[in-house]
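Under the numbering used here, the letters of the sequence shown match residues 4 to 214, in that order.
Just so you know, even glycine gets a beta-carbon here, dropped at the ideal spot from N, CA and C.
None of the values given here were measured: they were computed from a predicted structure.
One structure below.
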Amino acid sequence: DGKTALENGISQWITGPQARRDGHAWRARACALLTGIGTVKEDDPLLTVRDVSTSRQPPRLVVDSRMEISLEAKILAQGKVVLVAAQDDVAKRRQLQDRGVEVLLIPDANGKVDLRQLIVECARREFNELHIEAGFKLNGSLMREGLIDELVVYLAPSIVGDRARGMFALPALDSLAGKTELALYDLCRVGNDVRIIARMSPSSGSSPAAQ
């Protein structure tokens, strides 16, 4: 039913092992991985490539406006991590830097991370394929800003109910005319799940990330 986690945030495991392995293959091909502080707090992921062979571990970016990340978070334990914040905390920044974490301050006018400027920074670093594994809040913000080019969705044959979390936190629509149009590019079965690859339809406008 299009849900990504229960109301309490539990999401392990909605999909099966084959779909999760396929997801790791998508991680492996990416230039960099992006997630948000909500996912780090609730899931404490490593966000590394594990289930498939790889010659490299993509750098991981964490959107964390108020620099709330725990110094014990698993994502900080290994590999390259870039923390993207909007509000500086000098002591916390130094602690993170001592652990080898790069800290970027990219604020917008509302004290949040400026996601458009973050994409510009990713382009400057030649992150040509940015793979996002985030929660519904960051996903919704990226969608509202028009910064998503493609969706890779795993649909599990299960129903978890209306109060569970969806993929995107978006404003309610008064008319279906305001819906986001997608163009389906691929549909296949992966284990007991279905993988759908969809791109933003031209009728929805081109994404700034692709310009």
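What span of residues does the beta strand (DSSP E) with residue i cover, start to end?
i           : result
residue 153 : 153-158
residue 18  : From DSSP, residue 18 is part of no beta strand (DSSP E); its letter is neither H nor E.
residue 229 : What is shown of the chain runs 4 to 214, which leaves residue 229 out entirely.
residue 199 : 196-203
residue 39  : 35-39
residue 65  : 63-66
residue 135 : 133-135
Going by alpha carbons, who is nearest to residue i out of the options?
i           : options            : result
residue 81  : 131, 105, 140      : 105
residue 91  : 83, 72, 84         : 72
residue 135 : 129, 148, 154, 120 : 154
residue 157 : 12, 24, 9, 11      : 24
residue 138 : 37, 182, 30, 29    : 37
residue 172 : 57, 63, 143, 46    : 143
residue 107 : 67, 130, 141, 132  : 67
residue 63  : 28, 83, 188, 57    : 83
residue 86  : 195, 40, 57        : 40
residue 145 : 60, 159, 165, 120  : 120
residue 128 : 52, 56, 61         : 61
residue 45  : 28, 32, 76         : 76
Assign residue i to one of two classes, buried (16 or more other C-beta atoms within 10 Å of its C-beta) or exposed (fewer than that).
i           : result
residue 213 : Here the model assigns residue 213 a pLDDT of 41, short of 50, so the residue's position is not dependable, and the following value carries that caveat. Exposed, because fewer than 16 other Cβ atoms sit within 10 Å of the Cβ of residue 213.
residue 167 : buried
residue 97  : exposed
residue 6   : buried
residue 125 : buried
residue 93  : exposed
residue 113 : exposed
residue 26  : buried
residue 162 : exposed
residue 196 : buried
residue 205 : exposed
residue 209 : Summary for residue 209: the model assigns pLDDT 44, below 50, so the residue's position carries little reliability; its value from the coordinates is reported in the next sentence. Counting Cβ neighbours within 10 Å, residue 209 comes out exposed, since fewer than 16 surround it.
Taking the alpha helix (DSSP H) that residue i belongs to, which residues open and close that run?
i           : result
residue 147 : 139-147
What ranges does the beta strand (DSSP E) occupy inside the region 78-123, keeping only unbroken runs of at least 3 residues that lie completely in it? 84-88, 105-108
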